[in-house]
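Below is one structure; the comments refer to it alone.
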Amino acid sequence: MRLRAEGLSIDRGGRRVIRATSFALEAGEALLVTGPNGAGKSTLLRAIAGLLPLAAGSVHLAPSAGFDRDASLSERSHYLGHADAAKAALSVRENLEFWAALLGSRNRPAHSVEEALTRLDLSRLIDVSAGLLSAGQRRRVALARLLMTKRPLWLLDEPQNALDSRALDCLLDMAKEHLAGGGIIVAATHTPLPIEPGRALRLGGGP
Amino acid sequence: MRSALAALFVREVKIAGRIGGGATVGLVFFLILVTIVPFGIGPERQLLARIGPSILWIAALLATLLGLDRLFQADDEDGSLDLLMTSEVPLEILVAVKCCAHWIMTGLPLVLASPFFGALLAIEPPGLAGVGLSLLIGTPALTFLGAIGAALLVSLRRGGLLMAVLILPFTIPVLIFGVATASDLSGPEGPGFQPLMVLAALTLIAAVTGTFAAAAALRVLLR
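As you go down the protein sequences, you meet chains A and B in turn. Everything in the first sequence is counted per this note's numbering, starting at 1 for the first residue and increasing by one. Everything in the second sequence is counted per this note's numbering, starting at 1001 for the first residue and increasing by one.
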């Protein structure tokens, strides 16, 4: 498996945010996108996820096991954005079971809700309304989503936001396991995120 | 794919049914509109019975649009819409499922309550059946038309009133044939079915165009 981006240019509101950016990642590699605020880190991730159109260039992910040959890039990627996509009216379990059914309708869940939440140290809160969780707990619920359905490309936008040091260790552990299983990670961050083996891509000039 | 659609349907129904979901608010709003009219025009039974079906239809129209602006906005705010787009299920089908769930939770209660509320307006039993049937066939069209407005205003905060302004003109044909269906079904020369056919056609057209137009609008606007 291989993720290759060639000559990517992306516009936001008539302004070119990403200009002719290229990179290639092999299975088991991570790309850490850094850069100052407004450099286009989130824009790049959203474009790879298929949520934004490309002004020029192409992104290509070689066919991956367990998916149709013509499966699009967006249905093979896990997008973890700034918002945690947890409904306050539903419990943690209901939220996660919904996303597992919707994002992994072709495959059986890789982990049950209980397993994923135990991993993230949230099993106590499984039947609590997601509206009552703290920001860090909600973030961990969003991370549990990545464990429940298997998708080869993880697009993580500031994944460490609101996480405490234990949860951060757990995130790094999950990332390591995903890479060891032949997955690919593209993470946007402005604080150091030690995911190995990782390449770096700096957007927006500067040192 | 079927399990994904079932999961989306169950989620929508649960959210609408819980506190703040808005399933019951539409029904109460419907009741208030229907009870307010006799205060405005006076308690003359014959007049009320004559304009009763129209009042029920206008009330149903407003009650359906109430809260429909949140159909996609709530999912946009918490990031759910981004994730829905990375599902392998096409967005058009997801939109259709969301509309169906919304109609079951807001439109269907109006249909079921309309005979009771119609009795408040002194409509005779045959007329009540006609109004109920016309609402059953016609209100899905209102939901699907409203979905277009909800999608167009997805990123606009407090777009509820703007949505009503945008969508109400397009609901006029549904309103005309809905009221005509209700009166023709209980007409003095036996039931007439022509307006009913047109109303059913309008609902089918709205279901198709609403689904595709709303999905297209979401794709463009979420960039």
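Note that beta-carbon positions come from the ideal geometry of N, C-alpha and C, so glycine has one too. Small disclaimer: the values here were computed from a predicted structure and weren't measured.
Could you tell me whether the Cβ of Ser-77 (chain A) comes closer than 8 angstroms to any Cβ of chain B?
Locating residue 77 (chain A) in the first sequence gives position 77, counting from the first residue. Judged by the 8 angstroms Cβ criterion, Ser-77 (chain A) is in contact with chain B.
Evaluate Pro-207 (chain A) with the Cβ neighbour count: other Cβ atoms within 10 Å of its Cβ, from every protein chain shown; 16 or more gives buried, anything less gives exposed.
Against the first sequence, residue 207 (chain A) aligns to sequence position 207. For Pro-207 (chain A), the pLDDT reaches just 39, beneath the cut-off of 50, and the residue's location in the model is therefore unreliable, although a value from the coordinates is still provided. Classification for Pro-207 (chain A): exposed.
Extent of the continuous alpha helix (DSSP H) to which Leu-80 (chain A) belongs:
The sequence position of residue 80 (chain A) within the first sequence is 80, counting from 1. Segment 77-80 is the beta strand (DSSP E) holding Leu-80 (chain A); no alpha helix (DSSP H) there.
Of all the residues that make up the region 1075-1086 of chain B, which are near chain A by a beta-carbon distance shorter than 8 angstroms?
Within the region 1075-1086 of chain B, contact with chain A at the beta-carbon level (separation under 8 angstroms) is assigned to Glu-1077, Asp-1078, Gly-1079, Ser-1080, Asp-1082, Leu-1083, Leu-1084, Met-1085, Thr-1086.
Let me make sure I understand the geometry here. Which of B:Asp-1076, B:Ala-1074, B:Ala-1129 has the alpha-carbon closest to that of Thr-1181 (chain B)?
Start at 1 with the first residue of the second sequence, and residue 1181 (chain B) comes out as number 181. Among B:Asp-1076, B:Ala-1074, B:Ala-1129, the Cα nearest to that of Thr-1181 (chain B) is on B:Ala-1129.
Thinking C-alpha only, which one of A:Met-174, A:Ser-91, A:Leu-31 is nearest Arg-4 (chain A)?
Here residue 4 (chain A) corresponds to residue number 4 of the first sequence, with the count starting at 1. With distances taken between Cα atoms, Arg-4 (chain A) lies closest to A:Leu-31.
If we count the other Cβ atoms within 10 Å of its Cβ and call it buried at 16 or more, is Thr-1035 (chain B) buried or exposed?
For the purposes of this step, residue 1035 (chain B) is taken as the residue at position 35 of the second sequence. By the 16-neighbour rule on beta-carbons within 10 angstroms, Thr-1035 (chain B) is exposed.
Write down every uninterrupted run of the alpha helix (DSSP H) in the region 1050-1137 of chain B whose length is 4 residues or greater and which is fully enclosed by it, in chain order.
Listed in chain order, they are 1070-1077, 1080-1085, 1091-1102, 1108-1120.
Residues, ordered as in the chain, of the region 41-59 of chain A that lie near chain B by beta-carbon distance below 9 angstroms
Taking 9 angstroms as the Cβ-Cβ cut-off, the region 41-59 of chain A approaches chain B at Arg-46, Ala-49, Gly-50, Leu-51, Leu-52, Pro-53, given in chain order.
Does the beta carbon of Leu-1008 (chain B) sit closer than 8 angstroms to a beta carbon anywhere in chain A?
Here the question's residue 1008 (chain B) lines up with position 8 in the second sequence. Among the CB atoms of chain A, one or more fall inside 8 angstroms of the CB of Leu-1008 (chain B).
Start and end of the alpha helix (DSSP H) containing Phe-178 (chain A)?
Mapped onto the first sequence, residue 178 (chain A) falls at position 178. Residue 178 (chain A) is actually His in this sequence, not Phe. Its alpha helix (DSSP H) spans residues 165-180.
Alpha carbon of Arg-199 (chain A) to alpha carbon of Glu-158 (chain A), nearest angstrom
Taking the first sequence and counting its residues from 1, one reaches residue 199 (chain A) at position 199. Taking the first sequence and counting its residues from 1, one reaches residue 158 (chain A) at position 158. Arg-199 (chain A) and Glu-158 (chain A) have their C-alpha atoms roughly 16 angstroms apart.
Using a Cβ cut-off of 8 angstroms, which residues of the region 79-99 of chain A contact any Cβ in chain B, in chain order?
If the cut-off is 8 angstroms between Cβ atoms, the region 79-99 of chain A has Tyr-79, Gly-81, His-82, Ala-83, Asp-84, Ala-85, Ala-86, Lys-87, Ala-89, Leu-90, Glu-94, Glu-97, Phe-98, Trp-99 near chain B.
Is DSSP giving Leu-1025 (chain B) helix, strand or coil here?
For the purposes of this step, residue 1025 (chain B) is taken as residue 25 along the second sequence, with counting starting at 1. According to the sequence as given, residue 1025 (chain B) is Val; it is not Leu. In the structure shown, Val-1025 (chain B) sits in a helix (DSSP, three-state: H, G or I).
By the three-class DSSP mapping on this structure, what secondary structure does Gly-206 (chain A) have?
As a position in the first sequence, residue 206 (chain A) is number 206, starting the count at 1. Unreliable positioning characterises Gly-206 (chain A) in this predicted model, as indicated by a pLDDT of 44, which lies under 50. The coordinate reading is nonetheless provided below. The DSSP-derived three-state label of Gly-206 (chain A) is coil.
Comparing alpha-carbon positions, which option in A:Gly-7, A:Phe-67, A:Ala-130 lies nearest Ile-1015 (chain B)?
Locating residue 1015 (chain B) in the second sequence gives position 15, counting from the first residue. Minimum Cα distance to Ile-1015 (chain B) is reached at A:Ala-130.
Close-in-space but distant-in-sequence residues of the same chain around Gln-137 (chain A) (CB under 7 angstroms, 5 per side omitted)
Along the first sequence, read from residue 1 onward, the residue named residue 137 (chain A) stands at position 137. Leu-122, Leu-125.
Hey, out of A:Glu-6, A:Val-141, A:Ala-55, whose CA is closest to Arg-1223 (chain B)'s CA?
Here residue 1223 (chain B) refers to the residue found at position 223 of the second sequence. Residue A:Ala-55 is the option with its Cα nearest to Arg-1223 (chain B).
Check the Cβ-Cβ distances between Ser-1003 (chain B) and every residue of chain A, and say whether any is below 8 angstroms.
The sequence position of residue 1003 (chain B) within the second sequence is 3, counting from 1. Chain A contact via Cβ: present.
For the region 1-57 of chain A, list the beta strand (DSSP E) runs that are entirely contained and at least 3 residues long, ordered along the chain.
For the region 1-57 of chain A, whole beta strand (DSSP E) runs of length 3 or above, ordered along the chain, are 2-12, 15-26, 30-34.
Mind listing the chain A neighbours of Leu-1222 (chain B)? Cutoff is C-beta to C-beta under 9 angstroms, in chain order.
In the second sequence, residue 1222 (chain B) corresponds to position 222, counting from 1. Simply Leu-51, Leu-52.
Under 8 angstroms: do the region 32-40 of chain A and the region 1040-1052 of chain B share three or more Cβ pairs, one atom per stretch?
Contact fails: fewer than three Cβ-Cβ distances are below 8 angstroms.
Please classify Ile-1167 (chain B) as buried or exposed, where buried requires at least 16 neighbouring CB atoms within 10 angstroms.
Residue 1167 (chain B) sits at position 167 when you count from the first residue of the second sequence. Per the 10 Å Cβ criterion, buried.
Would you list the one or two residues that DSSP bridges to Ile-185 (chain A)?
Position 185 of the first sequence, counted from the start, is the residue given in the question as residue 185 (chain A). DSSP, once it has assigned bridges, lists A:Ala-30, A:Trp-154 as partnering Ile-185 (chain A).
Taking the alpha helix (DSSP H) that Arg-1011 (chain B) belongs to, which residues open and close that run?
Here residue 1011 (chain B) corresponds to residue number 11 of the second sequence, with the count starting at 1. Arg-1011 (chain B) -> alpha helix (DSSP H) spans 1002-1017.
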